[in-house]
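For reference, the structure discussed in these notes is given below.
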Amino acid sequence: MSTEEIAKGVAEAEEIDPLGLNVVLDKSLMTAFPEGSTVIEVTPSGASAWVKTIKIDIQLQDGTVKSYFKKGAPGKRGLEMMEGTYISEKLIHSFVPEHVPAPLAFGSYESIPNMHYYICDYVDMTDDLPDPVRFGQALAKLHLNSMGKSPTGQYGFPVTTHLAFVPNDNTWTGTWTEWFANAMRKMLEEEERSHGQDDELDRLKDSLFAKVIPRLLRPMETGGNRIEPCLCHSDVWPGNVKPNADDEDAAEHRDIAWAAPM
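In the numbering used here, the protein residues as written are 118 to 379.
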């Protein structure tokens, strides 16, 4: 799917996610919320070139008000993005629930079946950079809590996850060196697909895969050395990691794989 097709799909989402008070949302979207829920208000939340993001304030059947975050994207790639987000965030939430919004659901719109969504709890976050010490502790806790719990004992993930709209190669592999090389190869293939072939980059790729990656990573897994897969966040940047407005703990999300901390 091209960037133009994704942008068109995000624009279409404007039509099925009306903003304002007491609006009517897509039927499929409403079935994701607890039974008896009613919409109070829908407002924009954040900004993205690849997905449509909104905040949905819901009144539950018992009168409690709860807020949810929803993002959506079109097409086969969009469905893969939403599924990958749901499965990876559900897993990471099981290990560090205090740092990840609780996932609720993913699915497809009834009114536009080619449009897909992901819903999780809404967490109010600031635009400040997270405290580096507390953020480092949060990542370390994820790595330690998940270490040795890969379902296959290998490196990879059961579904495709994405960097923005670029798919990761999460094929299960027996070594960290092999997984990292596959991931880098996929990113470089997408780069060439977008910008065309480049002779200098081709030469650098040859050195990267033949020399740099093996020399950097292989010693950790040879000569009697051993490492174990753990969950790693593959897209740690300020847009994905922000301080919680209530307690300043870092809230992080997206793009997880069974890998090795670097």
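Positions of the beta carbon are idealized from the N, C-alpha and C atoms, including for glycine.
On the CB-based measure, 16 or more other CB atoms within 10 Å of its CB, does residue i come out buried or exposed?
i	result
Asp-134	buried
Leu-136	exposed
Leu-246	exposed
Ser-228	exposed
Pro-268	exposed
Lys-359	buried
Taking C-beta to C-beta, are residue i and residue j nearer than 7 angstroms?
i	j	result
Gly-270	Tyr-234	no
Gly-265	Trp-289	no
Lys-303	Asp-319	no
Ile-171	Ser-184	no
Lys-328	Leu-305	no
Val-276	Glu-200	yes
Leu-348	Ser-211	no
Tyr-226	Phe-186	no
Glu-158	Asp-179	no
Thr-243	Ala-149	no
Ala-255	His-216	yes
Any idea what DSSP makes of residue i, helix, strand or coil?
i	result
Gln-176	strand
Ile-133	helix
Met-304	helix
Leu-348	strand
Ala-222	strand
His-370	Unreliable positioning characterises His-370 in this predicted model, as indicated by a pLDDT of 48, which lies under 50. The coordinate reading is nonetheless provided below. Looking at His-370 - three-state DSSP - the assignment turns out to be coil, as it is neither helix nor strand.
Glu-309	helix
Ala-377	Below a pLDDT of 50, predicted positions are generally treated as unreliable, and Ala-377, at 49, falls in that range; the measurement from the model is reported next regardless. Note: Ala-377 maps to coil in three-state DSSP.
Thr-170	strand
Phe-186	strand
Between which two residues does the beta strand (DSSP E) containing residue i stretch?
i	result
His-233	232-238
Thr-202	Looking at the DSSP string, Thr-202 is not in any beta strand (DSSP E); the run it does join, the alpha helix (DSSP H), is 192-212.
Glu-158	155-161
Lys-359	358-360
Of the choices the options, whose alpha-carbon is the least far from that of residue i?
i	options	result
Val-168	Val-358, Gln-178, Leu-177 and Pro-191	Pro-191
Pro-230	His-312, Gly-195 and Leu-259	Gly-195
Leu-138	Trp-354, Val-156 and Thr-278	Val-156
I'd like the span of the alpha helix (DSSP H) that includes residue i, first residue to last.
i	result
Ile-330	330-334
Ala-292	In the sequence under discussion, the amino acid at residue 292 is Thr, which differs from the Ala named in the question. It is not in any alpha helix (DSSP H) - Thr-292 carries neither H nor E in the DSSP assignment.
Pro-249	249-263
Thr-148	144-148
Asp-319	316-324
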